[in-house]
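Below you'll find the structure, written out as structure tokens, and then a few comments.
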Amino acid sequence: MAGDPYSALGLDKTATEAEIKKAYRRIAKTDHPDLNPDPAAAERFKAASAAYELLKDPEQRRRFDAGEIDAQGQERPQRRYYREHAEAAGNPYAQGYGFEGDPDLSDVFADLFGRRGGGFGGGGFGGGRGGQEFHMRGQDYRFALEVDFMTAARGGKTRITLPEGGNLEVTIPKGVRDGQTIRLKGKGGAGMGQGGPGDAYLTISVAPHPDFRREGDDILLTLPISLDEAVLGGKVAVPTIDGPVNLSIPKGASSGQKLRLRGRGIKGGDQQVELRIVMPPKVDDELAAFIEEWRKSHAYDPRAKMKAGGAN
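Heads up, the sequence shown is in the working numbering, so the first residue is -2 and it goes up one at a time.
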């Protein structure tokens, strides 16, 4: 700590009581020996604990700021007086990190780990001088998971790799939506002591499909049909998320016309089929001659209802 309790907490002398307590809580969460085995972390925690012991007491803090006592709580030699408690076993800088006798520190850790009252009895930290066990819920895991369109529509299974290296089989529910978050209870990190495991959260990204689109629970499909199918009608095989089905094309069908396959969407939704007439790769002389002859007596204007030039 190099003689400066404020630095040990990452603060300056203008810090409020609330800021001092908050800084100590933050360091305890990362550097307590029961949470972090790194010896350097233990030293940081000891320094922060001693600093908090000094600064949490308004009178001791005032005396330190005034230069009457040093960072160990001892009277400065040049003032030529010493208090007995400066050399007592209860000196905060001789306490290490055992807090079983300090109700204020117990309150800090009760707040920090979700327990109120009772100091550390019946739970809390193991490995300190009181030998109590520490309980904490496991860490939640969060994943971004891309699934293909058909898996999202029909449901399925996939595997994810956990942070510690293991694999977890995940069931994708039928009809999951793009951007939806799935909670897997108890599939997060392991807890400490009697703390339960955390949860895993999967945010789903659905990859686009070359043919299908989704609108709510309906599936949208643009279906190409030939010129003769449009004129004469007939039955054609149409892909759906559950396999092909036959669809009746009415005579005289037009591009943009929509037909509905009821119950062929997601979870009771429908499949909407939009027709698109595709001309043959080449208009040969026979087809051209037929249309020329047909037009002489059957000409029609599909744009008759459009307003020319935007006129009212």
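Backbone N, C-alpha and C define an ideal beta-carbon position, used for all residues, glycine too. Please read these numbers as outputs of a predicted model, since none were measured by experiment.
Checking the sheet assignment: what are the DSSP bridge partners for residue i?
i, result
"residue 271", "219 and 255"
"residue 300", "According to DSSP, which records beta bridges pairwise, residue 300 is partnered with nothing at all."
"residue 50", "Answer is none; residue 50 lacks a bridge partner."
"residue 243", "234"
Just tell me which of the options has its CA closest to the CA of residue i.
i, options, result
"residue 147", "57, 205, 219 and 11", "205"
"residue 257", "280, 220 and 67", "220"
"residue 138", "181, 185, 155 and 158", "185"
"residue 212", "230, 174, 162 and 38", "174"
"residue 288", "1, 225, 183 and 203", "225"
"residue 168", "158, 179 and 162", "179"
"residue 50", "5, 181 and 34", "5"
"residue 248", "262, 259, 134 and 230", "230"
"residue 157", "166, 151, 298 and 150", "166"
Go through its chain and collect everything with a Cβ distance to residue i's Cβ below 8 Å, but skip five positions before and after it.
i, result
"residue 177", "200 and 201"
For residue i, collect the residues of the same chain with a Cβ closer than 7 Å to its Cβ; drop the 5 residues on either side in sequence, then sort them by chain order.
i, result
"residue 8", "16, 17 and 20"
"residue 62", "10"
"residue 252", "272, 273 and 274"
"residue 276", "224"
"residue 14", "none"
Does DSSP put residue i in a helix, a strand or coil?
i, result
"residue 201", "strand"
"residue 279", "coil"
"residue 173", "coil"
"residue 65", "coil"
"residue 168", "strand"
"residue 12", "coil"
"residue 150", "helix"
"residue 232", "strand"
"residue 122", "Low confidence applies to residue 122: its pLDDT is 48, below 50, so where it sits in the model is not reliable, and the reading given next is rough at best. DSSP places residue 122 in coil when its eight states are reduced to three."
"residue 142", "strand"
"residue 237", "coil"
"residue 156", "strand"
"residue 24", "helix"
"residue 263", "coil"
"residue 59", "helix"
Between the C-alpha atoms of residue i and residue j, what's the straight-line distance to the nearest angstrom?
i, j, result
"residue 240", "residue 171", "16 Å"
"residue 228", "residue 264", "34 Å"
"residue 81", "residue 70", "Only weak support is given to the placement of residue 81: the predicted model assigns it a pLDDT of 43, under 50, and the question is left unresolved by the model."
"residue 26", "residue 153", "39 Å"
"residue 54", "residue 141", "47 Å"
"residue 198", "residue 132", "23 Å"
"residue 0", "residue 24", "18 Å"
"residue 60", "residue 164", "57 Å"
"residue 46", "residue 65", "21 Å"
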